[in-house]
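For the protein sequence lines, the chains are R and Y, in the order given.
The letter at position 12 of the first sequence is residue 12 when you use this note's numbering, and the numbering goes up by one with no holes.
If you count the second sequence from 1, you need to add 1000 to reach this note's numbering.
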Amino acid sequence: MKPAPFEYFAPDTLEAALDLKAKYGDEGKALAGGQSLIPAMNFRVAQPSILIDLNRINELRYIQKNGALLIGAMTVQSAAEHDSLVAQHAPLLFEAIPNIAHSQIRNRGTIGGSIAHADPASELPVVCIALNARMRTQSKTGERWLEAKDFFTGLFTTALQHDELLVEIEFPYLPVNTGYAFTEIARRHGDYAMAGVAALLTLDSNGNCQQARLVYLNVGDGPVDATQAAASLAGRKPTQEAFQVAAKIASQKEMSPLGNVHASAEYQRHLSAILTERSLAKAYERARTSQAS
Amino acid sequence: MSQILPITVSINGNQYQHEVEPRLLLVDYVRQVAGLTGTHVGCEHGVCGACTILFDGKPVRSCIMFAVQADGHELMTVEGLTDDEKKLHPLQQAFWEAHGLQCGFCTPGILMTLLPYLKENPKPSEAEIRDAISGNLCRCTGYQHIVDAARLATEKTHST
Ligand SMILES: Cc1cc2nc3c(=O)[nH]c(=O)nc-3n(C[C@H](O)[C@H](O)[C@H](O)COP(=O)(O)OP(=O)(O)OC[C@H]3O[C@@H](n4cnc5c(N)ncnc54)[C@H](O)[C@@H]3O)c2cc1C
Ligand code: FES
Ligand code: FES
Chain R
1 MKPAPFEYFA PDTLEAALDL KAKYGDEGKA LAGGQSLIPA MNFRVAQPSI LIDLNRINEL
61 RYIQKNGALL IGAMTVQSAA EHDSLVAQHA PLLFEAIPNI AHSQIRNRGT IGGSIAHADP
121 ASELPVVCIA LNARMRTQSK TGERWLEAKD FFTGLFTTAL QHDELLVEIE FPYLPVNTGY
181 AFTEIARRHG DYAMAGVAAL LTLDSNGNCQ QARLVYLNVG DGPVDATQAA ASLAGRKPTQ
241 EAFQVAAKIA SQKEMSPLGN VHASAEYQRH LSAILTERSL AKAYERARTS QAS
Chain Y
1001 MSQILPITVS INGNQYQHEV EPRLLLVDYV RQVAGLTGTH VGCEHGVCGA CTILFDGKPV
1061 RSCIMFAVQA DGHELMTVEG LTDDEKKLHP LQQAFWEAHG LQCGFCTPGI LMTLLPYLKE
1121 NPKPSEAEIR DAISGNLCRC TGYQHIVDAA RLATEKTHST
């Protein structure tokens, strides 16, 4: 199918884009990489009457560090995938990105677009929650900083207002003695995953778990932050048994997978549990080696 | 009242100037307006890879971009590989020799994916080749001969 007609604007500056957002509000849909929006328009699931193409706004394409890693919303996913600052300062993000779709799609799809789209099956919102990322949004009248947990408000919905754009994402560095891992399972490489988890594990000076974080994709109406499972690890020895307990709490008590044609809800729980153990083991290994060095 | 916008696009080194509706998909522009039907369109939602072309040197899905977004940019399609049908590009020649295609529907997308990939990764392993083409569906070959063709292409490049 072909998209329904729309009016098209391609502003060169953020200021001009914000003027258009102020004028058209919800009618004026931002077009980032288009890798989610245009398929939806081809299906006519989405029929925006006005598109504001952000691709000419080069000021929104950057990766910098300034006490945290800062990524401009229009940075394409493949640029972050091969960036040494991302590898060094946000290794969890670095590990997650190659799981997004295929290389051809990552060449066009943006970091900000994936986050603003807020698909519960997506990798980046999960990474944002796990790292306590902050989103900078801007409108003609000013800017706001939002914590990831306040930004994602449900299925494909965010706290973005009608006249706002997401302009920057701030990823804090990992705390010391912290290991990380992102693992997922998809039917075929590049497909949306049936289950996936981002894990962080911080060790104390005795080598025990000090704190942990476990955030899941595709098992709720947004990223699922399994706080009870993570809390069960605090003060524990980082053993496989402890990881199994956490996996069980997360998969049985803290998620509500819907199941689909590729995986029943029960199977998604099963995969999430297995991936929890794998992610925690990997995160532990990394924490241990970082502590040793 | 529908909006019409002028665009200038370079495809395979040639300049094209047209006026298009913003909703015209890039793949439909390439095939129907520019008349370059080597690029195929399969699923129209980014899944199959048949429409893969190079956009400023990088492989992208032309079915999930608009023609207006190509204004001022450089595209390369499968027709850009050679202008002499009797003398194929080494990558095409490898596909010919290794039987890397049957019906050929997926082939343009796979060639345009492999072209920059093999330039950047001149000696990929079989697993890496499979990963590189994982975004391109083929209903005929079972992929083995495509992988063989990609390998043959790398050997050809190294022996010349
Ligand atoms: C075949 C296929 C497989 C895929 N597989 C995966 C996968 O496994 N995992 C995954 O995470 N994604 C996957 N994707 C989606 C891909 O990652 C998209 O790139 C991403 O979801 C959206 O980013 P985009 O830049 O393309 O945004 P767009 O499609 O342009 O926009 C998406 C939405 O966000 C809004 N938006 C975008 N940018 C902003 C902004 N700066 N401010 C305010 N609103 C904004 C748009 O208005 C729109 O509503 C897949 C896509 C395809 C076609
Ligand atoms: S036609 Fe573009 S990906 Fe299938
Ligand atoms: S050769 Fe027929 S689809 Fe690949």
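From the three backbone atoms N, C-alpha and C, an ideal C-beta is built for every residue, glycine too.
Predicted, not measured: the structure shown is a model, and the values here were computed from it.
Leaving out the 5 sequence neighbours to the left and right, which residues in its chain are closer than 8 Å to residue 1173/Y when beta-carbon positions are compared? Since the first residue of chain Y shown is 1001 and the last is 1160, residue 1173/Y is not available in this structure.
At 8 Å on the CB atoms, spell out the chain R contacts of residue 1061/Y, in chain order. Locating residue 1061/Y in the second sequence gives position 61, where the first residue counts as 1. By Cβ distance, chain R contributes 35, 104, 105 and 108.
Whole angstroms are fine: how far does the CA of residue 84/R sit from the CA of residue 266/R? Within the first sequence, numbered from 1, the residue matching residue 266/R stands at position 266. Within the first sequence, numbered from 1, the residue matching residue 84/R stands at position 84. Approximately 39 Å, taken between the alpha carbons.
Sequence-distant residues of the same chain with beta carbon closer than 6 Å to residue 41/R, five excluded per side: On the first sequence, residue 41/R is found 41 positions in, with the first residue counted as 1. So the qualifying residues of the chain are 3.
Selection of the segment 1018-1039 of chain Y by Cβ proximity to chain R, strictly under 8 Å: 1021, 1022, 1023, 1025 and 1028
Does the Cβ of residue 1141/Y lie closer than 7 Å to at least one heavy atom of ligand 3? Here residue 1141/Y corresponds to residue number 141 of the second sequence, with the count starting at 1. Yes, ligand 3 has a heavy atom inside 7 Å of this Cβ.
Shorter than 7 Å, the distance from the beta carbon of residue 1048/Y to the closest heavy atom of ligand 2, or not? In the second sequence, residue 1048/Y corresponds to position 48, counting from 1. Yes.
At the 8 Å Cβ level, is residue 1065/Y part of the contact set with chain R, yes or no? Working through the second sequence from its first residue, we reach residue 1065/Y at position 65. Taking Cβ atoms only, chain R reaches closer than 8 Å to residue 1065/Y, which makes this a yes.
Could you tell me whether any non-hydrogen atom of ligand 3 is closer than 7 Å to the CB of residue 6/R? Position 6 of the first sequence, counting from 1, holds the residue named residue 6/R. The answer is no for residue 6/R.
Run through the DSSP bridge pairs and tell me what residue 9/R is partnered with. Here residue 9/R is taken as the residue at index 9 of the first sequence, counted from 1. Looking at the DSSP assignment, residue 9/R forms a beta bridge with 52/R.
Nearest neighbour of residue 223/R, chosen from 130/R, 241/R and 210/R [CA to CA]: Indexing the first sequence from 1 puts residue 223/R at position 223. Looking at the Cα atoms, 130/R is the closest of the given residues.
Determine, using beta carbons only, whether residue 1064/Y and residue 1089/Y come nearer to each other than 8 Å. Along the second sequence, read from residue 1 onward, the residue named residue 1064/Y stands at position 64. Along the second sequence, read from residue 1 onward, the residue named residue 1089/Y stands at position 89. It is not a contact, given that the beta carbons lie outside the stated cut-off.
Name the chain Y residues whose beta carbon is nearer than 9 Å to that of residue 301/R? Past the edges of chain R, shown from 1 to 293, lies residue 301/R, and the structure says nothing about it.
Given that residue 190/R touches chain Y, what residues does it touch there, using C-beta distances under 7 Å? What you label residue 190/R is simply residue 190 of the first sequence in a count that begins at 1. What residue 190/R touches in chain Y: 1134 and 1135.
First through last residue of the alpha helix (DSSP H) which encompasses residue 154/R: The sequence position of residue 154/R within the first sequence is 154, counting from 1. No alpha helix (DSSP H) holds residue 154/R; the beta strand (DSSP E) holding it covers 152-154.
Against residue 1010/Y, what residues of chain R qualify as contacts under a CB-to-CB distance less than 8 Å, listed in chain order? In the second sequence, residue 1010/Y corresponds to position 10, counting from 1. Here the premise fails: no neighbours, minimum Cβ distance about 17 Å.
Check the Cβ of residue 1147/Y against every Cβ in chain R and list those closer than 9 Å, keeping chain order. Within the second sequence, numbered from 1, the residue matching residue 1147/Y stands at position 147. Within 9 Å Cβ-Cβ: nothing; residue 1147/Y doesn't reach chain R, min ~14 Å.
CB of residue 246/R within 8 Å of CB of residue 272/R, strictly: Locating residue 246/R in the first sequence gives position 246, counting from the first residue. Locating residue 272/R in the first sequence gives position 272, counting from the first residue. Result no, Cβ atoms of residue 246/R and residue 272/R do not sit closer than 8 Å.
Below 8 Å, can you find three or more Cβ-Cβ pairs linking the segment 1004-1024 of chain Y to the segment 1069-1082 of chain Y? yes
Check whether the Cβ of residue 188/R lies closer than 7 Å to any heavy atom of ligand 2, and answer yes or no. Sequence index remark: in the first sequence, residue 188/R carries index 188 (1-based). It does not: the Cβ of residue 188/R is nowhere closer than 7 Å to a heavy atom of ligand 2.
When DSSP builds the beta bridges, which residues end up paired with residue 1070/Y? Translated into the one-based positions of the second sequence, residue 1070/Y becomes position 70. Its beta-bridge partners do not exist; DSSP assigns none.
Can you give the Cα-Cα distance for residue 98/R and residue 5/R, rounded to whole angstroms? Reading the first sequence from its first residue, position 98 is the one you call residue 98/R. Reading the first sequence from its first residue, position 5 is the one you call residue 5/R. Roughly 34 Å separates the two Cα atoms.
If you measure between the beta carbons of residue 1003/Y and residue 123/R, is that distance less than 8 Å? Along the second sequence, one-based indexing puts residue 1003/Y at 3. Along the first sequence, one-based indexing puts residue 123/R at 123. Not a contact, by the Cβ cut-off of 8 Å.
Using a Cβ-Cβ cut-off of 8 Å, state whether residue 1049/Y counts as contacting chain R. Here residue 1049/Y corresponds to residue number 49 of the second sequence, with the count starting at 1. Yes, residue 1049/Y lies at the interface with chain R (some Cβ there is under 8 Å from its Cβ).
Quick check: residue 114/R and residue 181/R, are their CB atoms within less than 8 Å of each other? Mapped onto the first sequence, residue 114/R falls at position 114. Mapped onto the first sequence, residue 181/R falls at position 181. It is not a contact, given that the beta carbons lie outside the stated cut-off.
Does the beta carbon of residue 1078/Y come closer than 8 Å to any beta carbon on chain R? Here residue 1078/Y refers to the residue found at position 78 of the second sequence. It does not: the Cβ of residue 1078/Y has no partner Cβ on chain R nearer than 8 Å.
Since residue 1116/Y is in the alpha helix (DSSP H), which residue starts that stretch and which ends it? Translated into the one-based positions of the second sequence, residue 1116/Y becomes position 116. Unbroken alpha helix (DSSP H) run through residue 1116/Y: 1107-1120.
Residue 1061/Y CB to nearest heavy atom of ligand 2 below 7 Å: As a position in the second sequence, residue 1061/Y is number 61, starting the count at 1. Result yes, Cβ under 7 Å from ligand 2.
Rounded to whole angstroms, how far is the Cβ of residue 11/R from the Cβ of residue 50/R, which I believe are closer than 8 Å? As a first step, residue 11/R is located in the first sequence; it is residue number 11 there, counting from the start. As a first step, residue 50/R is located in the first sequence; it is residue number 50 there, counting from the start. That pair is no contact at about 12 Å.
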